[in-house]
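Visitor:
In the working numbering, the protein residues as written are 2 to 150.
#1: Go through its chain and collect everything with a Cβ distance to residue 48's Cβ below 6 Å, but skip five positions before and after it.
#2: Measure the alpha-carbon distance for residue 132 versus residue 13 and round it to whole angstroms.
#3: Over what stretch of residues does the beta strand (DSSP E) that includes residue 73 continue unbroken?
#4: Around the Cβ of residue 82, are there at least 16 other Cβ atoms within 10 angstroms (buried) or fewer (exposed)?
#5: Quick check: the stretch 62 to 70 against the stretch 31 to 42, are there 3 or more CB pairs under 8 Å?
#6: Which partner residues of residue 136 appear in the DSSP bridge assignment?
#7: Residue 8: which of 144, 110, 114, 147 sits nearest, CA to CA?
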């Protein structure tokens with residue numbers, strides 16, 4: 002088993018439940034009020050399975066896997082993803098349907114490589130996987146990070 006910050010290390014997995022309330026909060030914070038994120042009627046009219054999470058919210062949750070692991074958000078040097086599939090978020094009413102708890106995102110990551118940084122420190126490339134319903138929702142999701150010494 003490799004050390005936490007050695008090449009090949011697996012990041013601690015993370016599970017995040019997204020609810021429609023989370024989407025409303027994100028819409029307010031980001032000023033992204035596109036109705037596909039709150040109206041089933043509009044989302045379905047454009048071919049979506051219903052209300053979907055904001056892509057940038059899903060991306061941010063992917064970054065959370067890294068920042069939780071490193072403990073320092075400023076250690077993220079770069080981060081990129083490709084959006085591959087939407088995340089439908091069912092309408093769950095607390096106390097009635099909360100067995101489903103909205104949409105469950107399952108995140109894993111692996112430290113693919115470690116190189117020397119320009120400042121003499123170590124820089125890691127991390128591959129991140131974000132899945133919903135067993136299928137990846139982000140592709141080519143990678144981050145360059147400054148690793149602890």
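Just so it is clear, CB atoms sit at the ideal spot from N, CA and C, and this is done for glycine as well.
Guide: With the structure as the only source:
#1: Result list for residue 48: empty, nothing under 6 Å.
#2: Using only the alpha carbons, I get a separation of about 15 Å.
#3: First-last for residue 73: undefined, no H or E at that position.
#4: Looking at its Cβ environment, which holds 16 or more other Cβ atoms inside 10 Å, residue 82 is buried.
#5: Output reads no: the stretch 31 to 42 does not touch the stretch 62 to 70.
#6: Residue 136 is bridged to 133.
#7: Taking only the C-alpha atoms, the option nearest residue 8 is 114.
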